[in-house]
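Protein sequence lines, in the order shown, are assigned to chains A, B, C and D. Sequential numbering from 10 applies to the first sequence in the working numbering. Sequential numbering from 24 applies to the second sequence in the working numbering. Sequential numbering from 33 applies to the third sequence in the working numbering. Sequential numbering from 259 applies to the fourth sequence in the working numbering. Note that beta-carbon positions come from the ideal geometry of N, C-alpha and C, so glycine has one too.
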Amino acid sequence: MHRMLTKYPIWGGLLLLALFILPLLLSPYGLSLLTQVLIFGLFAMSLDLLMGYTGLVSFNHATYFGVGAYTVAILAGLGLNNFWLSLVLGISIPVLLALLLGLLVLRSSGPYFLMITLAFGQMIFALAWRWRTITGGDDGLAGIPRPDLGLPMSMWKAQNFYYLVLVFFAFACLILWKFIHSRLGKAIVGVRESETRMQALGHNTWGLKYLSYIVAGGFAGLAGVFYVYFNGFISPQELNWTMSGQVILMVIIGGAGTLFGPVVGAGMIIILQNLISSHTERWPISMGIIFILCVMYLRDGVVGSALKLRKKGRGNL
Amino acid sequence: MKALETKSLTKHFGGLAVLQDISMTVEVGERRAIIGPNGAGKTTFFNTISGVIKPNAGEIFVFGDKVTQLPPFRRARLGLARTFQQNNLFVNLSLLDNINLAMPPNQAKMTPRDFLDNWGWWDKSTIPVKEFSYGEQRQVELLLALAQSPRLLLLDEPTAGMSSVETNKITTMIRNLSREITVLIIEHDMDVVFDFADRITVLNYGRVLFEGAKDEVRSDERVKEVYLGSVD
Amino acid sequence: MRKRRYLAKIGILFLSVLLVFSGIGCGTQVDNSKDPIKVGLLVPYTGVFTSNGVDITRGVELYLNEVGYKAGGRDIKLIKEDSQMDGQVGLQKTRRLVESEKINILAGVVSSTVAYAIRDYVVANKVPFIISNAGACDLTREKGSEYIFRVSFSNGQYEYPEGNYVYNKLNVRKVVVMAPDYAAGHEKADGFMAGFKAQGGQIVQEIYPKLGTTDYGPYLTQIKNADAVWVHFSAADSIKFVKQYAEYGLKNKLPLLSSGDLVDESSLLGQGDSAIGIISALHYSAALTNPENQKFVKDYTAKYGEGPNMFAEQGYVTAKVIVKGIEAAGGKVSDSKLLLDSIRKVQFDAPRGPFKFDAKTQNVIFNTYIRKTEKINGKLVNTVVETIPNTADDWYKGK
Amino acid sequence: MELSEIVIQTLNGISYGLLLFLLAAGLSLIFGLMGIINLAHGSYYTLGAYVGLVIIQMTGNFFVGLMGAAVVLALLGIVMERFFFRKLYKRELDQVLLTFGFAYLFMDINKWIWGGVPRSLPKPTFLEGSISILGEAFPIYRFGIIVIGLGIAVLLWLFLEKTRTGVIIRAGVDDKEMVSGLGINIKLYFSGIFALGAFLAAIGGVIGGPIIGAYPGLDFEILVLALAVVVVGGLGTLKGAFWGSLLIGFAETFGKAIFPDFAMFTIYVTMALILIFKPSGLLGKEES
């Protein structure tokens, strides 16, 4: 699954072209769903770096997403609407938080790690809830304007905003892809495969995990930035464990360790949440069942399993 | 300078003393076998030297550097490499990626490709390691340690669970290693031990029972009683 | 390389699925007077506050049934959506209702978070929005808009007169205030305290436990030196609190005063006899004896097998406001100025008593009822002991 | 604080802590033996409370409800282990994710069956009312919780220390491989420990029911508390669960009494402090 994959310009380009053309065909509602898929896809990809590539199941990834979003919202509340400033701070503040929290949570591993991240995530959630003067408490912060890039096009227009997200999405894909296939990225995969062996081979595995944790936090923050621009508001709910659980679900359904699989996972969840839940209030049960089935029988996720089948079909075993 | 020196190394697990007061020196270029019955503390000894386990007391020197408190990766960077009793590989990665991870990026003496070519493995370089047979994986276990260009190599039962043909492959590999590399080996196969080692240390209940040249070991009554006797 | 191609294929397949899905409801729509008027109802059907969403929906449907789903000569189509009590989801659902379903009027919303989240979008898209519950004050103050109406209450609106009442009529002078630590809890406590202090009352202690606190024991142990305790808790918290208040022997020591939410009809069953004697304020009680309410309680109970509560009544009033508004506009919902004017002027007798909007804020003006929880014929009810007419959300202006 | 208040708050802390112990003990033992953090443990508690309520309503007897709910949940635990977790044997992380899926599922099933309206469980009549201690009222029922909690702690301790099964479980916590090596079918014990965990959680749910009730969302409120206990106390040992429960019980209680404005944070701050100085918890096994 993690073979060397180097050049793929044609198909990647076609996919991107499809994403580029789609807005012209979609209804406004469809476009807003697609924008959301890109944002959550980015969020899920960043978690996949931790879950799929580093082997760390983090239960507070929403923390970084939410902190990125809150950063932009708080800046907007101070009247600072410069897009680039918001972008830089919306990424760097989650990164700083990851630098700090990483020191604490990475002292443990496996289920301990999951539990401790959950605890710290809830602590940040409580902070956002309680620190009313800054965060607006449970009411959240609303009325965050779309970014002004100083371009002759308004980001209030759904298509323009979509293209903005698409550009950053594609850029983030590229960086993550490069990162994973870099020497460091391979070393991070090595940590997932066997931490003890990596240490015996002279790799600072703690440092590699820390790096991965920080990078993942930064990209989650980026997703949060676009999330808050898209919705125009943020509330502590986005920092809650439910959000972290949801993005874990996206990664698992799509396939951990496939990088783009989680984007498909994000798409499936968003469609489920928005379309199925319009028809039945029992959709949490369906989500639970899907989750359980995925963990038990489709552990490689939709994309991961498809890739495996494909490989089998080629007789390349 | 000694390749490895331990001073009064002691390790307890709960109330159980696994290593007691182990002092040992290994000369550069030496081949040293560590033998002893199951539970004698051999693997714990390796784990303590490579840094996976911190000792309760005592000190460890590798090529004169005190490493007692260093994390495993720092010791590895001093030229210490090891294999594991149970294969510990990056099974989902290709052989080449495994070797890549073992070779320090800049100071490697050769490219991964040359390395694999040398050992006759290049044609399998793109195959994920999990698709190899057990015997092949056992060889890769050794290859990974060799790819680190080690100065001190710890081999933990390299032939465990292998057929005699495969055992021969491994012994050939280690017999031909350069004398610049100091090798410590834990091994149950006495033929391998007496064929390969210069000196032998016998551990029993976490203590050094005996240490000497291999001929001395063969003739020592206590060793026969505790270890060889039970094997024969 | 092949992996990538495969990925791309999956991606394209997935995108086409999305395309098909989101194509639903893509058609354009002209305001044809023969088409039904579409009303979107956004309330939680999943999550912790499901029961409120269900109660509101029942109230809405009960009234729409009464009028045969018709208003101003046109059919009404109710489209229900689940907000999941989550701002983000609520906003996404609102987008679907507005962009895909092309609703004419939006109603519902239990949580203020969701209301704030969708507020800008609703106003920007010029959709008349009838809030059925969410009480955040700013929704009809600073963040008010000609598109936003509220039939329920603004936080503090019935708590403020309650503050006056307990000072003047119950001769309470010193009060301990307790409310959950979230925006509505603070707003409601502020309303009560302002009303109480305005008369000269003294607040000896304010305690704000975490929303969803399981154990109130440590807080209850601290309470002392007061004439009474005023609290606001709702749903599960209200049951835990009332039972624990009795457990710690405070029930017989310090009278418990509260917002009406504490003794909501749906909570009384769980609270049991611990609730007897609580004095509360609300814009409604199922025990009101006016003919509108008697009919409402009878019809509601007949249809759903259990009695209504404030949420059900708010749902009922929401639907009535919508229907009356459409009727006054002669069914011309496309004329937004006309529709907004018509809704603003709606007045009628509701189960809660006279209903009208404050023309300036578009927040409701209602009677505040002081109620006492009693056991009558083995059933716990909130008997009205005092009516304070014409309560508008204007107490804060005196500050 | 006056003396009387300190005494009452101490009793509050003990009763709350012992209620948490019922949850944390199972969570900790399941982890110790199987390496699974059971994120559905709060669901066991909540489901236990609901089932207990139904049985109490049917029989009119609190203690029948208590035992009935515990048995029903124990059976559920066995079913879950046998048909789901066993299939993922030795894939601990996947098993944890599976528990998350179940937590999601139970959350909605509970709401489906019992609706969204919060329920409350009746107390046994002889535990109604309160008594006066130094002039302050303290509920008799909370004494009941203290007695039952301590009783169960002692029984568990005896079970683990004095019975063969208990010895095997403790040995399994220390070294699974070794126990399997002794020719003991450790998998059989997995079902048992799951059943025991669910059993204890259900007892917690019913006992807590008259104070806390049962309602949607309770499962996760409880889960976070239980996780805090095991993080603080250390996973895998009964002792850790016991002292961790009391510590969290006290931290919550005195946090509410002394810093009421920051009560939301007390457990997290306690956790963070413990983790910084002792990553494996107060009495946890060192990770190796």
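Per-residue burial, N187(C) [other beta carbons within 10 Å of its own, 16 or more giving buried]: The sequence position of residue 187(C) within the third sequence is 155, counting from 1. Looking at its Cβ environment, which holds 16 or more other Cβ atoms inside 10 Å, N187(C) is buried.
Helix, strand or coil at F84(B) [DSSP, three-state]: Counting from 1 along the second sequence, the entry for residue 84(B) is found at position 61. In the structure shown, F84(B) adopts extended strand secondary structure according to DSSP, grouped into three states.
Chain D contact for Y121(A) (CB, 9 Å cutoff): If you number the first sequence from 1, residue 121(A) lands on position 112. Yes, Y121(A) lies at the interface with chain D (some Cβ there is under 9 Å from its Cβ).
Inside the segment 101–163 of chain C only - beta strand (DSSP E) runs reaching at least 3 residues: 106–114, 137–140, 161–163
Short CB-CB distance (under 9 Å) between S266(C) and chain A: Along the third sequence, one-based indexing puts residue 266(C) at 234. Cβ-Cβ to chain A under 9 Å: no for S266(C).
Coil, strand or helix - E189(B) by DSSP: Position 166 of the second sequence holds residue 189(B). In the three-state reduction of the DSSP assignment, E189(B) falls in the helix class, which pools H, G and I.
Residues of its chain near S262(D), where Cβ-Cβ distance is below 8 Å and the 5 sequence neighbours each way are ignored: Taking the fourth sequence and counting its residues from 1, the one referred to as residue 262(D) is at position 4. Same-chain partners within the cutoff: I391, L392, G393, E394.
Given 8 Å, three or more beta-carbon pairs between the segment 164–179 of chain C and the segment 390–404 of chain C: yes
Enclosing alpha helix (DSSP H) for D238(B) [first to last residue]: For the purposes of this step, residue 238(B) is taken as the residue at position 215 of the second sequence. DSSP places D238(B) in the uninterrupted alpha helix (DSSP H) bounded by 237–242.
Secondary structure, alpha helix (DSSP H): runs of 4+ residues fully inside the segment 228–261 of chain C: Those alpha helix (DSSP H) runs which fall completely within the segment 228–261 of chain C and span 4+ residues are 249–254.
Opening and closing residue of the beta strand (DSSP E) in which A268(C) lies: Within the third sequence, numbered from 1, the residue matching residue 268(C) stands at position 236. Looking at the DSSP string, A268(C) is not in any beta strand (DSSP E); the run it does join, the alpha helix (DSSP H), is 267–279.
Of the listed residues N257(C), S115(C), E191(C), V159(C), nearest to G167(C) (C-alpha basis): The residue labelled residue 167(C) in the question sits at position 135 within the third sequence. Comparing Cα positions, the closest option is E191(C).
Backbone secondary structure at R442(D) - three-state DSSP: Locating residue 442(D) in the fourth sequence gives position 184, counting from the first residue. The sequence given here places Ile at residue 442(D); Arg does not occur at that position. Three-state result, I442(D): coil.
Outcome for V437(D) when other beta-carbon atoms lying within 10 angstroms are tallied against a minimum of 16: Translated into positions along the fourth sequence, residue 437(D) becomes position 179. Answer is buried; the Cβ neighbour count reaches 16.
Cutoff 9 Å: V121(C) Cβ touching any chain A Cβ: Taking the first residue of the third sequence as position 1, residue 121(C) is located at position 89. With respect to chain A, the C-beta atom of V121(C) has a partner C-beta closer than 9 Å.
Whole-Å CB distance - I243(A) paired with V237(A), under 8 Å assumed: Locating residue 243(A) in the first sequence gives position 234, counting from the first residue. Locating residue 237(A) in the first sequence gives position 228, counting from the first residue. About 5 Å; that satisfies the 8 Å criterion.
Contact list for V114(B) against chain A, beta-carbon separation under 9 Å: By 1-based counting over the second sequence, the position of residue 114(B) is 91. Simply E202, S203.
Whole-angstrom distance between Q379(C) and F389(C), CA atom to CA atom: Here the question's residue 389(C) lines up with position 357 in the third sequence. Here the question's residue 379(C) lines up with position 347 in the third sequence. Distance from the CA atom of F389(C) to the CA atom of Q379(C), rounded to whole angstroms, is 8 Å.
Span of the alpha helix (DSSP H), counted from its first residue to its last, around D87(C): Here residue 87(C) refers to the residue found at position 55 when the third sequence is read from its first residue. It spans 82–98 - the alpha helix (DSSP H) in which D87(C) sits, taken as one unbroken run.
At least three beta-carbon pairs within less than 8 Å, the segment 40–52 of chain A to the segment 199–216 of chain A: no
Nearest-angstrom beta carbon gap, G313(A) and G266(A) [assumed within contact, 8 Å]: For this step, residue 266(A) is matched to residue 257 along the first sequence. For this step, residue 313(A) is matched to residue 304 along the first sequence. That belief holds up - the Cβ atoms of G266(A) and G313(A) are roughly 7 Å apart, short of 8 Å.
Cβ-based burial, M316(D) [other Cβ within 10 Å; buried from 16]: Taking the first residue of the fourth sequence as position 1, residue 316(D) is located at position 58. By the Cβ-count criterion, M316(D) is exposed, with fewer than 16 other Cβ atoms from all chains shown falling within 10 Å of its own Cβ.
Per-residue DSSP class, three states only, for H264(C): Counting from one through the third sequence, the residue named residue 264(C) turns up at place 232. Coil at H264(C), not helix or strand.
Buried versus exposed call for V104(A) [16 or more other C-beta atoms within 10 Å across all chains shown]: Residue 104(A) sits at position 95 when you count from the first residue of the first sequence. Classification of V104(A): buried, given that the 10 Å Cβ count is 16 or more.
Chain-order list of residues whose beta-carbon lies under 7 Å from that of A253(A) (same chain, five-residue window excluded): Position 244 of the first sequence holds residue 253(A). The sequence shown places Ser at residue 253(A), rather than the Ala named in the question. Excluding positions up to five away in sequence, the list reads F68, N69, H70, A71, G130.
Range of the contiguous alpha helix (DSSP H) that encloses E159(B): For the purposes of this step, residue 159(B) is taken as residue 136 along the second sequence, with counting starting at 1. Its alpha helix (DSSP H) spans residues 157–170.
Reduced DSSP secondary structure (H/G/I, E/B, other) of G233(A): Residue mapping note: residue 233(A) aligns to position 224 of the first sequence, counting from 1. Helix, per DSSP.
Buried or exposed (CB count within 10 angstroms, at least 16 for buried), G324(A): Along the first sequence, one-based indexing puts residue 324(A) at 315. Its pLDDT being 46, under 50, G324(A) is placed unreliably in this model, and the value from its coordinates should be taken loosely. G324(A) is exposed by the Cβ-count criterion.
Classification of E419(D) by the beta-carbon crowding that lies within 10 angstroms, buried from 16 upward: Taking the fourth sequence and counting its residues from 1, one reaches residue 419(D) at position 161. Flag for E419(D) reads exposed.
Inter-residue spacing [alpha-carbon to alpha-carbon] between G59(C) and K70(C): Sequence index remark: in the third sequence, residue 59(C) carries index 27 (1-based). Sequence index remark: in the third sequence, residue 70(C) carries index 38 (1-based). With a pLDDT of only 40 at G59(C), under 50, the local geometry of the prediction cannot be trusted, and no value is derived from it.
Complete runs of the alpha helix (DSSP H) confined to the segment 367–424 of chain D [at least 4 residues]: 398–420
Where I295(D) sits in the DSSP three-state scheme: Walking along the fourth sequence from the start, residue 295(D) turns up at place 37. Three-state DSSP puts I295(D) in coil, outside helix and strand.
Whether V330(D) touches G359(D) by CB criterion (9 Å): One-based indexing of the fourth sequence puts residue 330(D) at position 72. One-based indexing of the fourth sequence puts residue 359(D) at position 101. No, they are not a contact pair.
Three-state secondary structure (DSSP) of G57(C): Indexing the third sequence from 1 puts residue 57(C) at position 25. The pLDDT assigned to G57(C) is 39, lower than 50, so where the model puts this residue is not dependable; a value taken from the coordinates is nonetheless given after this. Residue state, collapsed to three classes: coil.
Test item: CB-CB of L94(C) and D381(C) under 9 Å: As a first step, residue 94(C) must be located in the third sequence, where it is residue number 62. As a first step, residue 381(C) must be located in the third sequence, where it is residue number 349. If you check the CB distance, L94(C) and D381(C) do not come in under 9 Å.
Minimum Cβ-Cβ distance from S54(C) to chain D less than 9 Å: Here residue 54(C) refers to the residue found at position 22 of the third sequence. Below a pLDDT of 50, predicted positions are generally treated as unreliable, and S54(C), at 49, falls in that range; the measurement from the model is reported next regardless. Chain D contact via Cβ: absent.
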